[in-house]
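Numbering (my numbering), first residue to last: 549 to 854.
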């Protein structure tokens, strides 16, 4: 086990964690401000990925593809909020779960009808196609480093938006007491639509960025959605800081566990048994992490803070 391998896997974990943050940030905003359980958030991730793949295929521009993913996911999110979600705020969580699960089916079948059942592929931009030489003799894909950089920039912009702008003040106030800010003249419906569209745009951006690493296909958002829920439980519902810290913890735990646990058990077991035991335990690690955090801090690491 070399230092180079460890550092490469740490970078892989950071890249995975940043992608999870883009998903979880929108999810925690929606849940924290609106109190809404949105199972369709993964479908918006898929919308962004398909929009990016379609625009990249037509224009050959990765930048236009990213813009299209943001616009398509935000527009889809705004339409969904106005047409469906707005009617669910005063309903119990079971109604929210059933309605947003129905949206998953609608988005999946609609996407299959438009694009077909075969996966699409989004090429890495030529400027980021090769590896970069990092200190320590590490050759690491430039595109994955770009994902880390984009995610950290988005995190910084979100922190600024929430902490320093009028909209951010309204979002934080809406999380604390929505009736009061409505009484003070804030258009709560417009605020909710904006928050939902922002969360959808972040999910769409995540889908577009990951679409250049894996294939773009129907249903690709649901596994990521499960991990995003784990992230916000660990970080604390409604906390952007918690979403970032939780996402990085989950990304690093999942990546390092899958790579190094089979090697660790290989010191004591036969190779086939070590691979099986290591893979099984690695798949459980993030849930063990979640349980450990909740035992110490039932509201998550940063529950109740922005």
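All C-beta atoms in this analysis are idealised placements derived from N, C-alpha and C, irrespective of residue type, glycine included. On a predicted model such as this, the values are computed, not experimentally measured, just so you know.
How would you call residue i, buried or exposed, if buried means at least 16 neighbouring beta carbons within 10 angstroms?
i, result
"residue 802", "buried"
"residue 832", "exposed"
"residue 763", "exposed"
"residue 713", "exposed"
"residue 821", "exposed"
"residue 728", "exposed"
"residue 787", "buried"
"residue 492", "With the chain covering only 549 through 854, there is no way to say anything about residue 492."
For residue i, write down the residues that DSSP places opposite it in a beta bridge.
i, result
"residue 673", "DSSP lists no partner for residue 673."
"residue 689", "679"
"residue 668", "764"
Could you tell me the alpha carbon to alpha carbon distance between residue i and residue j, rounded to whole angstroms?
i, j, result
"residue 675", "residue 696", "16 Å"
"residue 623", "residue 741", "10 Å"
"residue 817", "residue 715", "56 Å"
"residue 814", "residue 636", "51 Å"
"residue 661", "residue 650", "16 Å"
"residue 720", "residue 571", "19 Å"
"residue 739", "residue 778", "26 Å"
"residue 553", "residue 634", "49 Å"
"residue 611", "residue 757", "11 Å"
"residue 657", "residue 595", "12 Å"
"residue 583", "residue 849", "19 Å"
"residue 731", "residue 835", "41 Å"
"residue 666", "residue 765", "7 Å"
"residue 543", "residue 837", "No answer is possible for residue 543: the residues shown for the chain start at 549 and end at 854."
"residue 686", "residue 579", "40 Å"
"residue 799", "residue 789", "15 Å"
So, are the CB atoms of residue i and residue j less than 9 Å apart?
i, j, result
"residue 603", "residue 591", "no"
"residue 702", "residue 775", "no"
"residue 797", "residue 608", "no"
"residue 613", "residue 749", "no"
"residue 648", "residue 694", "no"
"residue 780", "residue 794", "yes"
"residue 688", "residue 556", "yes"
"residue 645", "residue 585", "yes"
"residue 760", "residue 643", "no"
Under a three-way DSSP split, which group does residue i fall into?
i, result
"residue 805", "helix"
"residue 713", "coil"
For chain C, check one thing: does any of its Cβ atoms lie closer than 9 Å to the Cβ of residue i?
i, result
"residue 562", "Within the model displayed, chain C is absent; a lone protein chain is all it includes."
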